[in-house]
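In the order they appear, the protein sequences are chains C, Z, B and D. First residue of the first sequence? That's 2 in my numbering, and the numbers climb one at a time after it. First residue of the second sequence? That's 2 in my numbering, and the numbers climb one at a time after it. First residue of the third sequence? That's 223 in my numbering, and the numbers climb one at a time after it. First residue of the fourth sequence? That's 223 in my numbering, and the numbers climb one at a time after it. What follows is a set of notes on a single structure, which appears directly below.
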Amino acid sequence: MTDMGVNPAGKGFNLAVNLGGLKMKNPVTTASGTFGFGPEYAPYIDLNRLGAITVKGTTLEPRRGNPTPRIAETPAGMLNCIGLQNPGVSHFIEKDLPYLREYDVPVIVNIAGSSLEEYEKLAGRLSQAAGVSALEVNISCPNVKQGGMVFGTSCAMASDVIKAVRRSTGLPVIAKLSPNVTDIVEIAKGVADAGADAIALINTLLGMKIDIQSRKPVLGNIMGGLSGPAIRPVAVRMVWQAARAVKLPILGMGGIMTADDALEFILAGATAVAIGTANFVNPGATMDILEGIGQYMKKYHVRDINDLVGAAWK
Amino acid sequence: MTDMGVNPAGKGFNLAVNLGGLKMKNPVTTASGTFGFGPEYAPYIDLNRLGAITVKGTTLEPRRGNPTPRIAETPAGMLNCIGLQNPGVSHFIEKDLPYLREYDVPVIVNIAGSSLEEYEKLAGRLSQAAGVSALEVNISCPNVKQGGMVFGTSCAMASDVIKAVRRSTGLPVIAKLSPNVTDIVEIAKGVADAGADAIALINTLLGMKIDIQSRKPVLGNIMGGLSGPAIRPVAVRMVWQAARAVKLPILGMGGIMTADDALEFILAGATAVAIGTANFVNPGATMDILEGIGQYMKKYHVRDINDLVGAAWK
Amino acid sequence: MPYSGLAEVVKNQKVGPEHFLMEVFSPELVREAKPGQFAHVRCTNQMDPLLRRPISLHEINHKKGSVSLLYQVVGRGTRLLSGMQAGGEIDIMGPLGNGFNIPEGARKVLIVGGGIGAAPLFPLIIELEERHIEQTVLLGARTTDDIIGYGHLAALGIRTEVATDDGSMGYKGFVTELAEKHVKDPAGPDYFFACGPNPMLRELIKLTRVSGLQGQVSLEEYMGCGVGACLACVCKTTAGGVNDPEDKNEFEYKKVCTEGPVFDAGEVILDD
Amino acid sequence: MPYSGLAEVVKNQKVGPEHFLMEVFSPELVREAKPGQFAHVRCTNQMDPLLRRPISLHEINHKKGSVSLLYQVVGRGTRLLSGMQAGGEIDIMGPLGNGFNIPEGARKVLIVGGGIGAAPLFPLIIELEERHIEQTVLLGARTTDDIIGYGHLAALGIRTEVATDDGSMGYKGFVTELAEKHVKDPAGPDYFFACGPNPMLRELIKLTRVSGLQGQVSLEEYMGCGVGACLACVCKTTAGGVNDPEDKNEFEYKKVCTEGPVFDAGEVILDD
Ligand SMILES: Cc1cc2nc3c(=O)[nH]c(=O)nc-3n(C[C@H](O)[C@H](O)[C@H](O)COP(=O)(O)OP(=O)(O)OC[C@H]3O[C@@H](n4cnc5c(N)ncnc54)[C@H](O)[C@@H]3O)c2cc1C
Ligand SMILES: Cc1cc2nc3c(=O)[nH]c(=O)nc-3n(C[C@H](O)[C@H](O)[C@H](O)COP(=O)(O)OP(=O)(O)OC[C@H]3O[C@@H](n4cnc5c(N)ncnc54)[C@H](O)[C@@H]3O)c2cc1C
Ligand SMILES: Cc1cc2nc3c(=O)[nH]c(=O)nc-3n(C[C@H](O)[C@H](O)[C@H](O)COP(=O)(O)O)c2cc1C
Ligand SMILES: Cc1cc2nc3c(=O)[nH]c(=O)nc-3n(C[C@H](O)[C@H](O)[C@H](O)COP(=O)(O)O)c2cc1C
Ligand code: FES
Ligand code: FES
């Protein structure tokens, strides 16, 4: 792997960013739940070229997830109600992490719990495992009753979760917020005060779809999370609002399909970006986006990607 | 105009609905701000066939609106920041209402104020004007500082506005809610208790777009309201939630492009539907949708449209 | 009454580096069409890209019952248009907008077109020609390839001057510099029509205001409905009267889609 | 390694009332392709419809370096596919999934295909033929027009029986009724492969469990990624072991896209 691979803008251009203590060689990571645990997309891209890999939401015990259908297509988007299916943290540490350690790429582990204790235990377990670089705390999953959105839509509860995780880890803590709130700034400030090192925005919007033939909801779990380009305008707005209100670096996501979209988030104030639904549409999306960001920097003589962060309002 | 025109399902089928005291010959109306004051679409459709016409948001004094660009296209959607440009209520009553009175179609007037007093005065003025059938109270416009979303995102303020309007009118009062809230059910209950006769859902989602060339927000007002098919899953979800929680009839809207979409809202619990952005894409959208609902009723032998309302959960 | 519905694409040809000419068969649309009006077209049957695109009528052929649209591929919508096949169908609304209005007294007309903005001027030029009104056409663009319709004008024997930014054709510089000569000429035009990028129009309006030359300009603005319903496409005008020309707040919005796209040059306010 | 990228559409022909056959030239994709695998295709370059569509490999032509997809137009995505022109490009991923696995001992194979579900069975049938394994093919559909590949099988001289719901061709009734005869026949098949709608598979699995006939079924489920990353496409299996067959909660999810689409008939649990 040449350096050119990691830094598509080439020599003299800096793409490296620091996401609340997590050093990334470039600002492009994957969105949790859309990239499995790494090997799934290895046939399509060079994982080493990613700024980081964010893995599927992990819980203390294995979870089976929701009944099918688990996804439904919507205009320029999709609904999902996977329901945090995952093999549990022990399996992750023993079976999935070793694979990821083979790569030269930081691993962000997305965690979800149904109680403060669970979040605390998860954070503790993962902090001791070799090869975990940061924790993304999912307080915003719309698809499970506990360990989900309810934490992310109340400022007090969001803070409590972050405090619990903060207590039990020395790793960078990224608070992943729910967009299904009246005031994203309030929650962002709350998790900042609670000790988060960075903020991830946005998780999915709560939505649903009804089949007019059967006259029943399409999804097995009735409601699901809306992702994909449809939600991008909402995501960009929230990144802009949060970035202006809080000093923490932001991991922006929500409908990023191309480098242009990623740059929109960076200009709005995101230090790094996560690519989610786009992987399904284009398994090479992360690489194309990385490449495109490099092209943009070259074209406009932007020597340091950090100069673009929040440039739309700074 | 034949009866067949108004009732596309034909004899023996009932399409008439009662939206909180507003009698509509069929469930299809227009979404405020997307249909002007009526004459704009008269070359394309027979206005008499509409269940009701909902006109552009009206304020006490004329408003000039926001600087351009006022719209931007987004994936399967659009952002707008028109900013309630309108000629004021006096002009509306004197110049626009007489035109509408020529038609055999109820007129829903969408009102917005920057204070409780303004809402009250507007409601009073319009209640005395001949040809107004109902008031849709906009407490959810994301595009103006006052008279806007701020009323709709706080339960207490939303109730206060509805109470003020309720005091000053005998017309059916439809509370139009903002989707930019954590808990739509709470607000729906609040406006129900405050005396609303029906609830309209949803207004636009707050969003934004950044131009990566100029590195500035695209819209003249920075943020705008997201409408169109992109937001439909969120709208259907909120109609479903509100319909199950509150006894009031619901006017559903948000991304309805086709009869199938309209039926989705009705099955979720909407008594009537409003067609917004779809008019821009297809000026005959309201008629096509009406026609399609009739076809569906015929195909499935649904004798009364009211039997479909909320059928997905009832 | 404007038509709205499907119409046959008769042809859709590449006529320049990024320019396409699409002929659409639609007797209903053509019937009332006049120079300066536009069509509002869908670029896909799917939900993305969602909105229609406004494209001026570049040719109005009453005999054939067709209109032609000359468009430049600049984004997703126009790219999709360029992929449409002859024999297929396009979802089209029109004619929309007010169109140009040739005033009674006009004897010697100056036409100024910038880039693709020259497209809607051609039906006007034909009508002026048919009415035997003397005209001079000025075309400007970045480079030769972007000059549209020069051959056509030459064939019609219409006096035409060209300016290109890179000097690859005609005068090297802005088309407004060519215009200045005509506008200032005492024996020059008694009326003008223009369409093109805003900076061009702004400069032209400044020039003509000084010399008192009256005319009409065709404007562009992002559009939603195209029929006056959404209030997206407004432009600033002096319609409400202006007491203090320095007061940036004295203006009245007009809708480009229905009160325009053609405006009296005297009333438009174009911000930088 | 699966290919992902653009490939040329060699042809795209209507072959039935709603059926199309698309040949795609892609040596990279063909190289490792085997019967029962599928391709994941984009239907548009725009953002709507957004997701890829999984379509089985209906023909695998190593010599020509092409695969063919036989698909039925049932919604927006497949309608867009049907509009693609020969000579154009399609964005395709594949081969994906595990594919059929012909067990060592199979001597006499029963193939059951329902509707368009028969599509992925054809490369398998060809392979069985090449390996000189005896086979009987049962095809079922609502009506004659929906029976696929009958002529092809006849030309190959393969024993084929047909069932249609309306009796317009072959046996009037369900294809599972035809299958029952074979499954119960002591001199009948020693293995089976099936693909089709869930009710058909459910019935077939019931029949074969009773008689002890082993086989493989190919399943469909809504897909996101197609590569095992999103966990959208799960189906219930007995992989975790089942203590109490009455306990509806004893199951383990497997991914149709990577652990399937072909599963051992013995392990799948198909809910009504
Ligand atoms: C009255 C009128 C007449 C026009 N006539 C012509 C013509 O004859 N030939 C021609 O090539 N172009 C013409 N245009 C400009 C043309 O509408 C745009 O180039 C086109 O909409 C771009 O669409 P896109 O998807 O390719 O680009 P994108 O930039 O991807 O479009 C994104 C959005 O911006 C809008 N938009 C982009 N540029 C413009 C623009 N200049 N004016 C208005 N909206 C814009 C689009 O409609 C769309 O909603 C005209 C515009 C107006 C208002
Ligand atoms: C492994 C596999 C192989 C398949 N092979 C074939 C084949 O060879 N020929 C063929 O005609 N069809 C095949 N199908 C079904 C085919 O994928 C669907 O018919 C197609 O996705 C419908 O898309 P649409 O946009 O036309 O329909 P829509 O109903 O509009 O699609 C909406 C959404 O539902 C999904 N969807 C709809 N029906 C199905 C289905 N049956 N299975 C999975 N997803 C579905 C679509 O992918 C899309 O995401 C296969 C499905 C799978 C899972
Ligand atoms: C299928 C699917 C599964 C997801 N699973 C998770 C998850 O386990 N944890 C989490 O924090 N977010 C999860 N998300 C949300 C994404 O990480 C991301 O926040 C969201 O999809 C918006 O980004 P996108 O539009 O680029 O997909 C999931 C999204 C999808 C589509
Ligand atoms: C251009 C535009 C202007 C609008 N103006 C108003 C308004 O004045 N008052 C109001 O209550 N809603 C207004 N809305 C919101 C719509 O009435 C509707 O709630 C929203 O657009 C969602 O429906 P749709 O997706 O079908 O457009 C406007 C929407 C658009 C697109
Ligand atoms: S485009 Fe809607 S008012 Fe002009
Ligand atoms: S489709 Fe994503 S896991 Fe199977």
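From the three backbone atoms N, C-alpha and C, an ideal C-beta is built for every residue, glycine too. Quick caveat: nothing in here was measured; it's all calculated off a predicted structure.
Close beta carbons around residue i, own chain, < 8 Å, minus the five adjacent residues each side
i	result
Ile355 (chain D)	Ile324, Ala328, Arg329, Lys330, Val331
Ala131 (chain Z)	Leu98, Arg102
Arg304 (chain Z)	Gly13, Phe14, Asn15, Met298
Pro271 (chain D)	Cys265, Arg298, Gly299, Leu302
Any non-hydrogen atom of ligand 6 within 7 Å of residue i CB
i	result
Leu272 (chain D)	no
Cys265 (chain B)	no
Met79 (chain C)	no
Neighbourhood of residue i by C-beta distance below 6 Å, restricted to the same chain and skipping five residues each side
i	result
Arg264 (chain D)	Arg274, Asp313
Ser128 (chain Z)	Thr170, Leu172
Val133 (chain Z)	Val108, Val110, Leu127
Tyr120 (chain C)	Gly114, Val162, Ala165, Val166
Met158 (chain Z)	Phe152
Ala341 (chain B)	Ser278, His280, Leu292
heavy atom of ligand 5 below 7 Å from residue i C-beta
i	result
Val478 (chain B)	yes
Heavy atom of ligand 4 within 7 Å of residue i beta-carbon
i	result
Thr30 (chain Z)	no
Cys455 (chain D)	no
Boundaries (first-last residue) of the beta strand (DSSP E) holding residue i
i	result
Gly78 (chain C)	78-81
Leu136 (chain Z)	135-139
His262 (chain D)	260-263
Extent of the continuous alpha helix (DSSP H) run through residue i
i	result
Arg253 (chain B)	249-253
Lys122 (chain C)	117-129
Val166 (chain Z)	156-168
Tyr225 (chain B)	Here Tyr225 (chain B) belongs to no alpha helix (DSSP H); instead the beta strand (DSSP E) covers 225-236.
Ala385 (chain B)	Here Ala385 (chain B) belongs to no alpha helix (DSSP H); instead the beta strand (DSSP E) covers 381-386.
Thr300 (chain D)	298-304
Close beta carbons around residue i, own chain, < 7 Å, minus the five adjacent residues each side
i	result
Val237 (chain B)	Leu243
Ile276 (chain C)	Val29, Thr31, Ala32, Ile257, Ala286, Thr287, Ile290
Counterpart residues of residue i in DSSP-defined beta bridges
i	result
Tyr301 (chain C)	Answer is none; Tyr301 (chain C) lacks a bridge partner.
Ala275 (chain C)	C:Thr30
Leu292 (chain D)	D:Leu243
Asn476 (chain D)	For the sequence presented, residue 476 (chain D) should be read as Lys rather than Asn. DSSP output for Lys476 (chain D) lists D:Cys457 as bridge partner(s).
Glu95 (chain C)	Note: Glu95 (chain C) sits in no beta bridge, so no partner.
Ala201 (chain C)	C:Lys177, C:Leu252
Gly335 (chain D)	D:Leu361, D:Cys417
Closer than 7 Å: residue i CB and nearest ligand 2 heavy atom
i	result
Tyr120 (chain Z)	no
Ile338 (chain D)	yes
Ile185 (chain C)	no
Tyr293 (chain D)	yes
Met315 (chain D)	no
Ser278 (chain D)	yes
Arg490 (chain D)	According to the sequence as given, residue 490 (chain D) is Val; it is not Arg. Answer for Val490 (chain D): no, Cβ out of range of ligand 2.
Near ligand 1: residue i beta-carbon under 7 Å from a heavy atom
i	result
Pro342 (chain B)	yes
Pro483 (chain B)	yes
Pro230 (chain Z)	no
Val303 (chain Z)	no
Residue i Cβ short of 7 Å to ligand 3 heavy atom set
i	result
Ala279 (chain C)	yes
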